[in-house]
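Here is the structure we will look at.
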Amino acid sequence: MPAFSGTAIPVAPFIMTPASLTLLSLAMSTDAFAASIGRGAGSGGRPRFLNALRTGAIFGAIEGITPIIGWLAGAAAVHLVSRWDHWIAFVLLVGLGARMVYAGMGKAEGCEEDAPRQSLPMVMLAAVATSIDALVVGVSLAFVDIHIAVAATAIGTATMVMVTLGIMLGCALGQVVGKRAEILGGLVLIAIGAGTLYQHLGADALTG
């Protein structure tokens, strides 16, 4: 069901293609990926796949739920801001993307080889912390033509895979790689935000 079902919108909303949804999903998983790289050395040895997969599943589940929460909040306000929906989506995505790029340009932290294995509550807390961005993206998705369940599933799946890989590869991959991935993810969000605005303004010009 499109986010705009039942609302009076003068022009067609930005249509998110499978390709753009894939890029969005990967972009949203980069912060969790960057955070998970250092965890690979936490056990003092090579991480076990099942443990890495469990952590990835936790991150993926939470990262998949938070966009739905954001979407519900955004959908509730769609009829109030229909004239500025494209600007709202643009500001949210570009602002979030810029923050990710800025964070990715920071100094990479080293891996702690003797770091203790984190408990389940701590893993869940870390997952919630890295899913705040997905909450913001969920709000912006209320202003585009996409099925939120499909988007949430794609984001959650991408996060699960990326976190699992990040833990398994650990410090062998390097914190710098994680930072660069976050920069790339931020640039993707900026591009999607710009595409949303461009398509909507183009539609306005045609209907004007």
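Per my numbering, the very first residue in the sequence shown carries number 1; after that it's consecutive. All C-beta atoms, glycine included, are put in the ideal place defined by N, C-alpha and C. What you are looking at is a predicted structure, and each value in this text was computed from that prediction instead of being measured.
Excluding the five sequence neighbours on either side, which residues of its own chain have a C-beta within less than 6 Å of the C-beta of residue i, listed in chain order?
i	result
Ala-158	Ser-25, Leu-26, Ser-29
Ala-127	Ile-58, Phe-59, Ile-62
Gly-186	Gly-97, Met-100, Val-101
Leu-197	His-86, Phe-90
Val-210	With the chain covering only 1 through 208, there is no way to say anything about residue 210.
Can you list, in chain order, the residues of its chain whose CB lies under 8 Å from that of residue i, leaving out five sequence neighbours each side?
i	result
Ile-190	Leu-93, Val-94, Gly-97, Ala-98, Val-101
Val-150	Leu-21
Quick check: the Cα distance between residue i and residue j, rounded to an integer number of angstroms?
i	j	result
Ile-58	Met-160	8 Å
Ala-89	Pro-18	18 Å
Met-122	Ala-129	10 Å
Met-162	Ala-32	8 Å
Leu-169	His-79	46 Å
Gly-52	Leu-120	For the record, residue 52 in the displayed sequence is Ala; it is not Gly. Approximately 12 Å between the Cα atoms of the pair.
Gln-199	Trp-84	14 Å
Leu-201	Gly-156	31 Å
Leu-50	Ala-103	30 Å
For residue i, tell me which candidate among the options has the shortest Cα-Cα distance.
i	options	result
Gly-195	Asp-133, Val-91, Ala-181	Val-91
Ile-37	Thr-164, Gly-193, Ile-65	Thr-164
Trp-87	Leu-53, Val-139, Ala-152	Val-139
Ile-239	Pro-67, Gly-104, Gly-106	What is shown of the chain runs 1 to 208, which leaves residue 239 out entirely.
Leu-72	Ala-152, Leu-23, Ile-183	Ala-152
Ile-65	Ile-132, Leu-184, Gly-166	Ile-132
Thr-55	Ile-183, Ile-167, Leu-184	Ile-167
Leu-184	Met-124, Met-105, Ala-77	Met-105
If you drop the 5 nearest sequence neighbours on each side, which residues of the same chain put their C-beta closer than 7 Å to that of residue i?
i	result
Ala-181	Thr-30, Phe-33, Ala-34
Ile-69	Leu-135, Gly-138
Gly-193	Ala-89, Phe-90, Leu-93, Val-94, Gly-97
For residue i, does the three-state DSSP call read helix, strand or coil?
i	result
Pro-2	Model confidence at Pro-2 stands at a pLDDT of 43, short of 50, so the residue's coordinates are unreliable and nothing is read from them.
Strictly under 9 Å for the Cβ-Cβ distance: is residue i near chain B by that measure?
i	result
Ile-155	Of the protein chains in this structure there is only one, and it is not chain B.
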